[in-house]
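The block underneath contains the structure these notes are about, expressed in structure tokens.
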Amino acid sequence: MELLENQVSRERLDVVIHKQRPDLSRSLIQSWIKNGMVTIAGKVIIKPGQLVDQAVAFTLQLDQPEYVSRSGAKLNQALQAFNVDVAGLTALDVGLSTGGFTDCLLQHHAAKVFGVDVGTKQVHPKIAADNRVVVMEQTDIRNCLGKIDPVDFIAIDVSFISVVKIIDVVAQLLKTQGKMIILIKPQFETVKKSLARGGIVKNTVLRKQIVQDVIAAIEHAGFKLQGCVESLTIGGDGNVEYLVCFSKGK
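For the sequence shown, the UniProt record's numbering assigns the number 1 to the initial residue and increments by one for each residue that follows.
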């Protein structure tokens with residue numbers, strides 16, 4: 001009976017936070033957790049489904065990070081590594097989510113950012129309230145032709161879909177000579193049987209081959225490779241990710 005009572009008193013972390021903060025949507029809370037913005041007793045928790053006590057004390061570290069999510073640091077690394085200047089440009093953020101990429105672009109003085117995501121209610125209030133941002137949630141990038149004029153710069157961070165499947169449409173949304181930075185997530189570019197427990201691509205040789213195959217497919221779509229670096233920020237699920245820069249036109 002004691003074990004049963006202990007089980008009943010524990011719930012998913014995202015549910016517990018939502019009960020204490022009903023002003024926040026579940027999807028936004030889940031996104032914040034995955035991006036390392038929730039701590040319990042000083043420890044960062046990145047699994048929304050982790051069971052915790054219903055009365056647990058947690059901290060939302062919303063004011064401490066440089067960007068609204070960890071992905072902002074990834075794009076910042078890429079902009080510096082590839083010497084890309086987005087100041088004054090109109091940009092497209094494919095895979096908006098919480099808005100880490102968009103936050104980075106705005107901090108680098110982009111004039112306007114279109115943020116596209118198939119999800120909903122994930123974008124950080126800071127990003128949603130910025131008049132330089134056009135938030136397009138519940139929107140598949142493959143349905144954006146005719147809705148967004150070609151832009152100067154594109155940043156891509158998508159999950160649960162291969163970048164290769166959207167690249168033909170993306171190519172039509174980027175101006176000639178425009179730059180594009182993609183966060184390649186090997187776990188979404190290969191078959192499930194290649195993944196270790198937890199969805200991790202542990203085989204270094206396989207991981208690099210996956211990245212090479214993705215680069216080849218993007219080059220075939222009319223882009224020129226400008227550079228590729230390993231992200232210094234590990235993915236929320238523990239996967240090694242890669243930042244790749246392309247220009248449009250060969």
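Glycine included, C-beta positions come from ideal geometry on N, C-alpha and C.
| field | Simplified DSSP state of Asp140, which is helix, strand or coil | value | The three-state secondary structure of Asp140, taken from DSSP, is coil.
| task | Write down the C-beta distance between Lys74 and Ser247 rounded to the nearest angstrom, noting that I regard them as a contact closer than 8 Å. | result | Not really, about 20 Å apart at Cβ, beyond 8 Å.
| field | Rounded C-alpha distance that separates Val94 from Ile215 | value | The straight-line gap separating the alpha-carbon atoms of Val94 and Ile215 is approximately 17 Å.
| query | Since Asp117 is in the beta strand (DSSP E), which residue starts that stretch and which ends it? | reply | Taken as a continuous stretch (DSSP letters only), Asp117 belongs to no beta strand (DSSP E), as it is neither H nor E.
| task | Mark Ile127 as exposed unless 16 or more other C-beta atoms lie within 10 angstroms of its C-beta, in which case mark it buried. | result | Buried: at least 16 other Cβ atoms inside 10 Å.
| task | Have a look at the DSSP bridge pairing and note the partners of Ile29. | result | DSSP lists no partner for Ile29.
| request: Over the uninterrupted beta strand (DSSP E) stretch that includes Leu92, give me the two end residues. | output: For Leu92, the enclosing beta strand (DSSP E) covers residues Thr90 to Val94.
| query | Which residue or residues does DSSP assign as beta-bridge partners of Ile218? | reply | Bridge pairing for Ile218: absent [DSSP].
| request: Could you tell me the distance, in whole angstroms, from the CA atom of Leu183 to the CA atom of Val244? | output: Cα to Cα, Leu183 sits roughly 7 Å from Val244.
| message | Could you compute how far the alpha carbon of Gly42 sits from the alpha carbon of Thr59? | response | Gly42 and Thr59 have their C-alpha atoms some 8 Å from each other.
| Paired residues, beta bridge with Val113 - DSSP | When beta bridges are read from the DSSP output, Val113 appears opposite Ala91 and Val133.
| message | For a quick check, are the C-beta atoms of Gly100 and Arg132 less than 8 Å apart? | response | If you check the CB distance, Gly100 and Arg132 do not come in under 8 Å.
| query | Whose C-alpha, out of Lys47, Asp168, Asn203 and Gln209, is nearest the C-alpha of Asn143? | reply | Of Lys47, Asp168, Asn203 and Gln209, the residue nearest in Cα terms is Asp168.
| field | Same chain, Cβ closer than 6 Å to Gly72, five either side skipped, listed in chain order | value | Closer than 6 Å at the Cβ level, and outside the excluded window around Gly72, lie Gly100, Asp103 and Cys104.
| message | Assuming Asp140 and Val118 are in contact, meaning their beta carbons sit under 8 Å apart, how far apart are those beta carbons, in whole angstroms? | response | With 8 Å as the limit, Asp140 and Val118 qualify as a contact, their Cβ atoms being about 6 Å apart.
| said: With H, G and I counted as helix, E and B as strand and the rest as coil, what does DSSP make of Thr204? | reply: Secondary structure at Thr204: helix, using DSSP grouped into helix, strand and coil.
| From Asn35, Ser159, Ile161 and Val52, pick the residue whose C-alpha is nearest to that of Arg12; which is it? | Nearest Cα to Arg12 within the set Asn35, Ser159, Ile161 and Val52: Val52.
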